[in-house]
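Residue numbers (mature numbering (1 follows the signal peptide of the UniProt record, and there is no 0)): -19 to -1, 1 to 175.
Cβ atoms here follow ideal geometry from the backbone N, Cα and C, with glycine treated the same way.
No experiment lies behind these values; they were computed from the predicted model shown.
Here is the structure we will look at.
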């Protein structure tokens, strides 16, 4: 009988570990997103728009991202590591560093610094703070509107940059930041961010 319980426990553990790699906001691979606006691509020197621009920018940023730290923090906050990587990619292009400054959304913002610090100097505390703010914004959206997990992730991403009052209705669940981050996250997911 104890062997049966052991096998059942392993089955539950395996199933929960598989679903936890998707985070508490569902499977981002199934989300539809238009990606970055053409302006984002142009500002980064690309002639690409939408999902193609987001994926190219994610590809450029991928070597700088700290996969282990991102995955560990993703587990801690129940947020898909690919989404965290998408936010980092969107906010820290190339040689920029992240710093906690008081912005509109009280999140982690990018300090534009032309190459004095490598991106790998992003600390675990900074990534944790970014993820905590995003998680809080997502939960605030969830409390205000009875919506699906992928919708409150979208709301959290929009409120992350726009502040907690940005989401006034369920119609405000799509913004350029959200669309770009989700397109990058889907790219990172395909590249093994689990």
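Look at the beta carbons and you see the region 136 to 145 touching the region 113 to 122: at least three pairs across the two are nearer than 8 Å. Taking a cut-off of 8 Å for Cβ pairs, the region 31 to 43 and the region 158 to 167 touch, as three or more such pairs fall below it.
Proximity to residue 169 across 108, 19, 52 peaks at 52, based on C-alpha coordinates.
By the CB criterion at 8 Å, residue 148 and residue 171 fall outside the cutoff. Along the region 112 to 139, the beta strand (DSSP E) does not occur as any fully enclosed run of 3 or more residues. Cβ-Cβ distances below 6 Å link residue 66 to 46, 51, 169, 174 in the same chain, with the five nearest sequence neighbours on each side left out; the list follows chain order. With respect to the C-alpha of residue 55, the residue from 106, 132, 127 having the closest C-alpha is 106. Relative to residue 57, the option among 112, 27, 68 whose CA is nearest is 112. Counting along the chain, no alpha helix (DSSP H) covers residue 147, and no H or E run does either.
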